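FYI, this note's numbering numbers position 86 of the sequence shown as 86, with every residue one higher than the one before it.
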Amino acid sequence: MTKPTVICVYTKDFSDLTDVKRVLSNLNELNIVNKAMRINYKCDAYTHLGIMSDNPYKLRASLYSSDEVRDNKIKYKDGVITRLKTKNGAMEEFLNS
């Protein structure tokens, strides 16, 4: 069994889903990934801030997945990807404290 590997691919704007779809399509064509693999997208700021899946603010470590991009399930509200919301409101509690 092959050990999983992290590959970082940068796009100019992570919220430009047209470009994200283009990059995902190219990765598929190059056989770097395939539709059976799930890729998670996270903005570089999360990495620099150390936001991982077990963060105390309950922020999602990834903004969206390749499945959500392929299936057009990314939702926007007022120009913001709604996936940026927290799992259980912990960030709202933090911001309001």
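C-beta: ideal position from N, C-alpha, C; glycine also. The structure displayed is predicted, hence computed values, not measured ones.
Under three-state DSSP, which class holds Phe94?
-> Reliability of the predicted coordinates at Phe94 is poor, the pLDDT of 49 falling under 50, and no value is obtained from them.
Where Leu59 falls, given that 16 or more other Cβ within 10 Å makes a residue buried | buried
Is DSSP giving Asn40 helix, strand or coil here?
-> strand
Given Asn31, which residues of its chain have a CB within under 8 Å of its CB, disregarding the five upstream and five downstream residues?
-> none
DSSP on Ser65, reduced to helix/strand/coil?
-> strand
Assign Ile39 to buried or exposed, taking buried as 16 or more other Cβ atoms, counted over all protein chains shown, within 10 Å of its Cβ.
-> buried
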